[in-house]
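Line by line, the protein sequences are chains A and B. Just so you know, we're using my numbering here: the first sequence kicks off at 413 and counts up by one. Just so you know, we're using my numbering here: the second sequence kicks off at 33 and counts up by one.
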Amino acid sequence: MDLINIVEIIVSVLMLILAFLAINSKSLVKSVMFLSALSMLAVVGFVLMKAPDVAVTEAVIGSGLVTSLFIFTLLSARKVGNK
Amino acid sequence: MKNFLAFIAVLVLGYMIVVSLDNNEAFPAYGEADVSSRVSQAFIDRTVTEDPGDIIFGQATNLESGPANIVTAIVADYRSFDTLGEVTVLFVSSLGVALLLGGKKQKRLELNFHPNFMLRVGSRALFGIILMTGVYIAIHGHLTPGGGFPGGAMIASSMLLLYLADDEFRAKIKGFKMLESFAGTAYVLIGLTGLLLGGYFLENLLDNGVIGDLFSAGIIPIVYVLIGLKVGSEISGIIDNFLTEEGV
Chain A
413 MDLINIVEII VSVLMLILAF LAINSKSLVK SVMFLSALSM LAVVGFVLMK APDVAVTEAV
473 IGSGLVTSLF IFTLLSARKV GNK
Chain B
33 MKNFLAFIAV LVLGYMIVVS LDNNEAFPAY GEADVSSRVS QAFIDRTVTE DPGDIIFGQA
93 TNLESGPANI VTAIVADYRS FDTLGEVTVL FVSSLGVALL LGGKKQKRLE LNFHPNFMLR
153 VGSRALFGII LMTGVYIAIH GHLTPGGGFP GGAMIASSML LLYLADDEFR AKIKGFKMLE
213 SFAGTAYVLI GLTGLLLGGY FLENLLDNGV IGDLFSAGII PIVYVLIGLK VGSEISGIID
273 NFLTEEGV
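See the structure below:
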């Protein structure tokens with residue numbers, strides 16, 4: 413088991429943990445942050461699997477545009493009531 | 033009952049996914065696929081000239097397809113017509129957003145937060161760097177990973193940063209629309225020129241040059257820069273549609 417395998421396993425386990433946290437966290441902003449971190453780790457995974465083109469696209473769209481779109485949506489959604 | 037049915041459906045679908053991905057003929061395990069017998073390898077190895085010899089980066093000329101990045105060779109040369117379809121899909125989606133959210137818009141959406149001084153200055157400083165990276169990725173699409181789509185998305189994300197930095201900021205949307213129509217029309221015109229002069233749609237008319245040079249691979253850099261401009265201006269338009277609202 414060489415170094416690259418260990419890195420792959422660490423990345424996969426972290427991705428699973430982050431996905432779980434993204435689903436289960438109470439705060440929506442935190443959830444979006446976990447999703448963004450998941451995308452960043454997916455970029456590392458794509459690079460390890462020797463797909464740099466997909467990695468560039470994932471880095472821009474997954475962790476850049478989608479995250480900011482979610483954040484803007486959360487910020488612009490007005491609160492109804494006091495919940 | 034509904035929850036139970038949903039649980040059963042999820043279990044069945046998950047079992048199907050596991051079975052279909054579990055080292056069968058169509059999906060072998062990572063690293064065990066016999067790539068040499070696939071169509072893609074035949075295309076990689078295929079030659080039309082009699083004996084091209086080894087392809088040496090920076091020296092080889094007169095190749096069948098010029099780009100040093102093989103993904104670009106597929107996306108913008110062999111399957112360029114598919115890419116035209118993809119660009120059309122993006123155009124239709126931006127058209128849908130504009131139809132739903134467009135109209136006479138005067139002002140920015142009021143957000144629940146107001147950017148402070150640090151955010152404003154930091155975003156302005158980062159804007160240029162991100163924009164230049166996007167342009168670089170789009171221009172060097174035939175040499176390095178990336179290309180028109182990620183480059184255009186990066187250009188659009190730099191615009192998004194400007195929108196984030198200033199809650200009064202609005203880009204010149206008319207310019208984006210002009211750029212988008214120009215890029216799309218130029219892409220189709222290049223294809224039609226190939227059809228008229230060469231015999232098939234989007235034929236690579238220009239000389240392929242030396243592999244690895246910036247000015248190589250014929251029309252592919254031109255097409256990729258056009259795609260980058262189109263994607264960037266389209267996503268910027270979508271962002272502007274999302275962040276404005278009707279009102280005085």
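Don't be surprised by glycine CBs; every beta carbon is placed ideally from N, CA and C.
Taking all protein chains in view, the Cβ of B/Val51 is surrounded by fewer than 16 other Cβ atoms within 10 Å, so the residue is classified as exposed. Taking all protein chains in view, the Cβ of B/Ala170 is crowded by 16 or more other Cβ atoms within 10 Å, so the residue is classified as buried. Closer than 9 Å at the C-beta level to chain A, one finds these residues of the region 167–178 of chain B: Ile169, Thr176, Pro177, Gly178.
Residue pairing from DSSP leaves A/Glu420 without any beta-bridge partner. Per DSSP, the beta bridge partners of B/Thr276 are B/Arg140.
For the C-beta of B/Pro99, not a single chain A residue is nearer than 9 Å; the gap to the nearest is close to 12 Å.
For a Cβ distance threshold of 9 Å, nothing in chain A lies close to B/Ala92: the least Cβ distance comes to about 22 Å. Scanning its chain for C-beta atoms nearer than 7 Å, with the 5 sequence neighbours on each side dropped, one finds around B/Asp199 the residues Arg140, Leu143, His146, Pro147, in chain order. DSSP places B/Arg152 in the helix class (H, G or I) of the three-state scheme. In this structure, the CA atom of B/Tyr110 is about 10 Å from the CA atom of B/Ile102. Excluding its 5 nearest sequence neighbours in each direction, A/Leu481 has no C-beta neighbour in its own chain below 6 Å. At a beta-carbon threshold of 9 Å, the residues of chain A lying near B/Phe274 are Leu481, Phe484, Thr485, Ser488, ordered along the chain. Secondary structure note for B/Asn94: it is in no alpha helix (DSSP H), with a DSSP letter that is neither H nor E.
Residue-level contact by beta carbon fails for B/Ile205 and chain A, as no gap is shorter than 9 Å. Identification of chain B residues near A/Val472 by a Cβ-Cβ cut-off of 7 Å yields Pro182, Ala185, Met186, Ser189, ordered along the chain. With a 10 Å radius around the Cβ and a threshold of 16 neighbouring Cβ atoms, A/Thr485 comes out exposed.
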